[in-house]
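Enquirer:
Residue numbers (the numbering used here), protein chains in the order written: chain A, 1 to 90; chain G, 1001 to 1398.
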């Protein structure tokens, strides 16, 4: 079961959890599993086929855009981080 | 001179060979022609006191005052087979110091007869270093003690120019410490006035400043902390008409803004003007820091090609923030700024440092330049990219 860490702004869409586990051997599968439990997350992260452009996804601290995107393999001990941009500066 | 000192001098004269300034000058000239790195190259050591050194010394000399000779010479000149030419003001201290070096195992020690006085009278070259005032030497003493900073580093800071976009939650702590460090010129662009809700975190300001322009309030605080710092205020919003003109004057830009349009605008201008931007952002108990160095690492658009919808990116006014959080992030930005100015350590280029205050955890994510980035990739056109003003929740504020 991979670990998925959510940036603070996303937590309200996932029952206020900072960290959840999800099944799947690719990023697409892991996200799919996540959306099953937290449908509101899908709205924010992936309305269509592709991931929303304002969310960055990291598998083990590497940006998946430079790996295999949604096909990036995810192992049972891997961590997936979902991170949208933050506006706040003051 | 008493009997004992005469005796010390007599013995030193016996043991330590002397060269005239002309001989030293000849050696140095030959060395210069031959290029560096030869075994017979002499090392010049000035054993006078600091104030004498400051008034002028032989170019290329190493300064090891006689008071610290035994303690510092081996670090200054680890190779004891190298020819070492010592000099002082008149040629006496250098003889005695020469004896000490021989006793410490230095094989080839020479003293310059007549010292720096005769060197100058012979019309040879000397340099006068730039110096810190006594007040500066005291103020920055903790910097001067750090080998990686020292006087040279402090001069660099005093000559540096940093622009802070925003004198708010991030800009306040950052500006405070940059001023304390002696960054010579701080530009602050902020069109807003101080409001009591700011005082939970914007520590440059205080209750008496409510209603004053933030940039001016900032200047008052910073000048009181460090009169060495020149604070330039811009009471205006950053926009297409002024961004490139303003940032061109600075070495590093510190992003303390709170909205996406300004971040995109700043990013594009910084790429065009080739200025590094130290980025920080916060939300409630968390924050992020990274350094956007044009063409070296990713830019803001590589990371976030598009802003999130308003619901996913509330400002602090909408979502709230623990006051000290921008303090932490702003200070991390100040550290990164100083690293860039002094060219020290590994700035967070290509690395996003995230801080989770509640967990007490720092994580690092790796960022990459996007080869297709419209601002800094191939076929880039940073001059005419959208800043998404129409998309974001709050009107753009700088």
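Idealized CB from N, CA, C, for every residue including glycine. The model shown is predicted, which means the values in this text are computed figures rather than measured ones.
Residue 1290 of chain G bridges to which residues according to DSSP?
Expert: G:1279
Enquirer: Please return the same chain residues whose Cβ sits closer than 6 Å to the Cβ of residue 1274 of chain G, not counting the five positions on each side in sequence.
Expert: Answer for residue 1274 of chain G: 1294, listed in chain order.
Enquirer: Does the Cβ of residue 1397 of chain G have 16 or more other Cβ atoms within 10 Å, making it buried, or fewer, making it exposed?
Expert: Residue placement at residue 1397 of chain G is flagged as unreliable, the pLDDT there being 38, under the threshold of 50; the coordinate-derived value follows with that caveat. Per the 10 Å Cβ criterion, buried.
Enquirer: What alpha helix (DSSP H) runs, 4 residues minimum, are completely inside the segment 1308-1386 of chain G?
Expert: Listed in chain order, the complete alpha helix (DSSP H) runs (minimum 4 residues) inside the segment 1308-1386 of chain G are 1316-1319, 1324-1342.
Enquirer: Based on DSSP bridge pairs, tell me the residues matched to residue 26 of chain A.
Expert: A:73
Enquirer: How is the alpha helix (DSSP H) around residue 1217 of chain G delimited, first residue to last?
Expert: 1214-1225
Enquirer: Checking contacts by CB at 8 Å: is residue 35 of chain A closer than that to chain G?
Expert: no
Enquirer: Rounding to the nearest angstrom, what Cα-Cα distance links residue 1370 of chain G and residue 1069 of chain G in this structure?
Expert: 54 Å
Enquirer: Three or more C-beta pairs closer than 8 Å, one from the segment 1228-1237 of chain G and one from the segment 1309-1326 of chain G: is that the case here?
Expert: no
Enquirer: List the residues of chain G whose Cβ lies closer than 8 Å to the Cβ of residue 63 of chain A, in chain order.
Expert: 1365, 1366, 1367, 1368
Enquirer: From the beta carbon of residue 23 of chain A, is the nearest beta carbon of chain G less than 8 Å away?
Expert: no
Enquirer: Within 8 Å (strictly less), CB to CB, does residue 1199 of chain G reach chain A?
Expert: Chain A contact via Cβ: absent.
Enquirer: Does the Cβ-Cβ distance between residue 1118 of chain G and residue 1021 of chain G come in under 8 Å?
Expert: yes
Enquirer: So that I know if they touch, is there some Cβ in chain A lying closer than 8 Å to that of residue 1283 of chain G?
Expert: yes
Enquirer: Any idea if residue 1252 of chain G is buried or exposed, counting beta-carbon neighbours within 10 angstroms, 16 or more meaning buried?
Expert: buried
Enquirer: Residues bridged to residue 1187 of chain G by DSSP?
Expert: G:1163, G:1232
Enquirer: Please report the residue range of the beta strand (DSSP E) in which residue 1111 of chain G lies.
Expert: Counting along the chain, residue 1111 of chain G sits inside the beta strand (DSSP E) bounded by residues 1109-1112.
Enquirer: Could you run through the segment 26-58 of chain A and flag, in chain order, every residue whose CB is less than 9 Å away from some CB of chain G?
Expert: 44, 52, 53, 54, 55, 56, 58
Enquirer: What separation, rounded to the nearest whole angstrom, lies between the Cα atoms of residue 2 of chain A and residue 45 of chain A?
Expert: 18 Å
Enquirer: In or out: residue 1127 of chain G buried (at least 16 other Cβ within 10 Å) or exposed?
Expert: Counting the other Cβ atoms within 10 Å of the Cβ of residue 1127 of chain G gives fewer than 16, which makes it exposed.
Enquirer: In terms of alpha-carbon separation, which member of G:1087, G:1016, G:1007, G:1071 lies closest to residue 1046 of chain G?
Expert: G:1087
Enquirer: So, for residue 1243 of chain G: in the same chain, excluding its five sequence neighbours on each side, which residues have a beta-carbon less than 8 Å away from its beta-carbon?
Expert: Result list for residue 1243 of chain G: 1265, 1266, 1269, in chain order.
Enquirer: From residue 36 of chain A to residue 14 of chain A, what does the alpha carbon distance come to, in whole angstroms?
Expert: 11 Å
Enquirer: Using a beta-carbon distance below 8 Å, is residue 1174 of chain G in contact with chain A?
Expert: No, no contact with chain A.
Enquirer: Mind checking residue 90 of chain A: buried by the 16 CB within 10 Å criterion, or exposed?
Expert: Residue confidence for residue 90 of chain A is low, a pLDDT of 44 falling below 50, so the modelled location carries little weight; the figure read from the coordinates is stated next. Burial call: buried.
Enquirer: Which two residues bound the contiguous alpha helix (DSSP H) that contains residue 1179 of chain G?
Expert: 1171-1181
Enquirer: What residues from chain A crowd round residue 1385 of chain G, counting only those whose CB sits closer than 8 Å?
Expert: Those do not exist, as residue 1385 of chain G stays about 14 Å from chain A at its closest Cβ, beyond 8 Å.
Enquirer: Report the residues of the segment 1207-1221 of chain G with a CB closer than 8 Å to any CB of chain A, ordered along the chain.
Expert: none
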